[in-house]
Amino acid sequence: MIKFRFFKKGKNELATADTKKNPRIKGKVVKDPTVTETEKFIMETVKGQDKQVRQIVNAEYKASRYKIKSNVLIVGKSGTGKTEILKQLAKKTGKACITIDANDYTEEAYQGLSVSDIVVKLLAAANYDVKKAENGIVIIDEIDKKAKSQDTTQRDVSGKGVQDQLLKLVEGKVIPIILRREDGDEMVHFNTEQVMFYFAGAFSGIDEIIKKRLKNKSAIGFATETKSEKQIEEEKMVNEEDLAEYGLEREFVGRIDLIVQLNDLSEDVLEDILLNSKNSKLKKFVGSLQVKDGITTHYTPGIIKAIVKKVKKENSTTGARGLSKVVTYVFDDIMHEVMANPGKYSDVVLLDGIEEDNTRYILK
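Going letter by letter, the sequence shown gives residues 3 to 366 in my numbering.
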């Protein structure tokens, strides 16, 4: 078990990581993937976000190759791929990656939380390779939950304090860390300057703020301007003023270099996820039945469309996660029957309506 200890010394903090049972292992030197290879890799899993994937990969590679770091905010509804894009990015590039939920922290909690806490988690993710951790990825999810609520009775009073602390986090500083090893302790000075910080959130309701902004702009005469289709689309995207009105501190918003807004998932994209994504729950069930039990699954395109329509109707805000839930339901009874009778079946046929009644199938 790895143990972490923190010691405060005046204003400076000293973190100690016990790595005796998990020594640093240096990996083999391999050729880094190109930007195009990384984009393609992510798109094999995340569907419907090609432009956004390119934006994020571009930001990551500029930081790695040219040391031009950007603080990135990803805006998107639940299940659209906010954290998945970054996890796949880290997987392809071999970067250490950790996710922090902003909901877990209040201003009070931050009095005991330090940058060292993040550093130690990154070091653990990097197998205590300091250089790898210094170029790692930190995802701070649910950042929208730290915005000031428009409803003052529900305002999260800790929001400003948390945002202030996160600002200090992204500024870059050198932190002393003691690594405890079998052959003795090692003091390292961890530089956070090249750690990439990605903030993410659904920002539910921000579309109403955008509509209000566009309406006000139209009311004062800008509607008569001749604009290209690209300009019109760009105006509909989230901007800094929208985020500030939503409740993020202006100083915090000012430190965001790139806002990436993910697309809502259409029915066509949901079908693409079901049939082609590497993380498709449908592909996992079908593949597992084939490999483990020798059972071939048969279904019509109509069944795929029915699953998607059910997700859009009942789980309109959960995106790809809604697909996983429905597909799990579809195969639940089938898997039970197969496991109860190993070797008995070679084919399963999914029948129309199985998304509503998971006993509508034929095993033979």
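Heads up, the beta-carbon is just placed ideally off N, CA and C, and yes, glycines get one too.
Endpoints, the beta strand (DSSP E) within which residue i is located
i	result
Met239	Segment: none, Met239 is in no beta strand (DSSP E) and carries neither H nor E.
Glu195	Neither: Glu195 is in no beta strand (DSSP E) and is coded neither H nor E.
Asp143	Ile139 to Asp143
Tyr107	Run containing Tyr107: none; DSSP gives neither H nor E here.
Leu260	Leu260 to Gln263
Leu365	Tyr363 to Leu365
Candidates the options: closest to residue i by CA position
i	options	result
Ile141	Asp209, Ile58 and Lys64	Ile58
Phe201	Asp244, Lys219, Ala98 and Val255	Val255
Leu276	Ser326, Ser290 and Glu251	Ser326
Gly304	Leu264, Ile208, Ser206 and Leu352	Leu352
Val310	Ser279, Leu272 and Thr85	Leu272
Val55	Val262, Val288 and Asn278	Val262
Glu41	Leu250, Lys94, Ile70 and Ile76	Lys94
Ile306	Lys53, Arg215 and Ser282	Ser282
Leu91	Tyr68, Gly50, Ala126 and Pro35	Pro35
Gly161	Asp106, Leu169, Val172 and Lys148	Lys148
Ile145	Lys97, Gly203 and Met189	Gly203
Phe199	Ile258, Phe192 and Arg182	Ile258
Phe192	Asp185, Tyr248 and Ile180	Ile180
Glu46	Lys33, Lys89 and Tyr68	Lys89
Asp335	Thr302, Lys346, Glu316 and Arg362	Arg362
Val172	Glu231, Ile120 and Glu243	Ile120
Arg183	Asn129, Ile234 and Lys134	Asn129
Lys214	Glu243, Val190, Lys229 and Gly186	Glu243
Phe333	Leu125, Ile234, Ile364 and Gly186	Ile364
Asn343	Thr302, Gln233 and Lys294	Lys294
Thr298	Lys280, Lys133, Asp274 and Gly345	Gly345
Contact check, residue i vs residue j, beta carbons under 8 angstroms
i	j	result
Ile44	Ser118	no
Ile100	Lys123	yes
Lys366	Asp354	no
Val48	Gly83	yes
Glu136	Val197	yes
Leu245	Gly321	no
Ile102	Asp143	yes
Ser66	Arg323	no
Leu291	Val340	yes
Asn278	Gln51	no
Glu236	Leu216	no
Ala367	Ala98	Since the first residue shown for the chain is 3 and the last is 366, residue 367 is missing from the structure and cannot be characterised.
Gly249	Lys150	yes
Phe287	Val329	yes
Residues near residue i by beta carbon distance below 6 angstroms, same chain, minus five either side
i	result
Thr194	Gly174 and Lys175
Ala308	Glu357
Tyr331	Asn360
Ser64	According to the sequence displayed, residue 64 carries Lys and not Ser. Only Ile70 meet the Cβ criterion.
Glu247	Ile211
Lys133	none
Glu188	Leu181
Residues of its chain near residue i, where Cβ-Cβ distance is below 7 angstroms and the 5 sequence neighbours each way are ignored
i	result
Gly296	Ser348
His338	none
Glu251	Lys162 and Gln165
Leu169	Glu253, Phe254 and Arg257
Lys280	Glu46 and Thr47
Neighbourhood of residue i by C-beta, 8 angstroms cutoff - its chain only, sequence neighbours within 5 removed
i	result
Leu260	Gln57, Ala61, Ser72, Asn73, Val74 and Leu75
Val240	Val77, Phe205, Ile208, Ile212, Ile261 and Gln263
Thr154	Caution is warranted here: a pLDDT of 47 is assigned to Thr154, below 50, making its placement in the model unreliable, and no coordinate value can be reported.
Glu269	Lys307, Val310, Lys311 and Lys314
Val37	Val59, Asn60 and Tyr63
Unbroken alpha helix (DSSP H) run spanning residue i, endpoints
i	result
Val176	Not the alpha helix (DSSP H): Val176 falls in the beta strand (DSSP E), residues Val176 to Arg183.
Asp166	Gly161 to Glu173
Ala135	Val132 to Glu136
Arg252	Arg252 to Gly256
Heavy atom of the ligand SAH within 7 angstroms of residue i beta-carbon
i	result
Leu267	Among the components modelled here there is no ligand, and therefore nothing to report on the ligand SAH.
Considering only residues of the region 273-307, which uninterrupted alpha helix (DSSP H) runs meet the minimum length of 4 residues and lie entirely inside it, listed in chain order? Complete alpha helix (DSSP H) runs here, min 4: 283-295.
Enumerated in chain order, which unbroken segments of the beta strand (DSSP E) with a length of 3 residues or greater are wholly contained in the region 308-361? Note on the region 308-361: whole beta strand (DSSP E) runs with a minimum of 3 residues are 349-352, in chain order.
Jot down the residue ranges of each uninterrupted beta strand (DSSP E) in the region 16-104, minimum 3 residues, whole runs only, in chain order. You should have 74-77 and 99-103.
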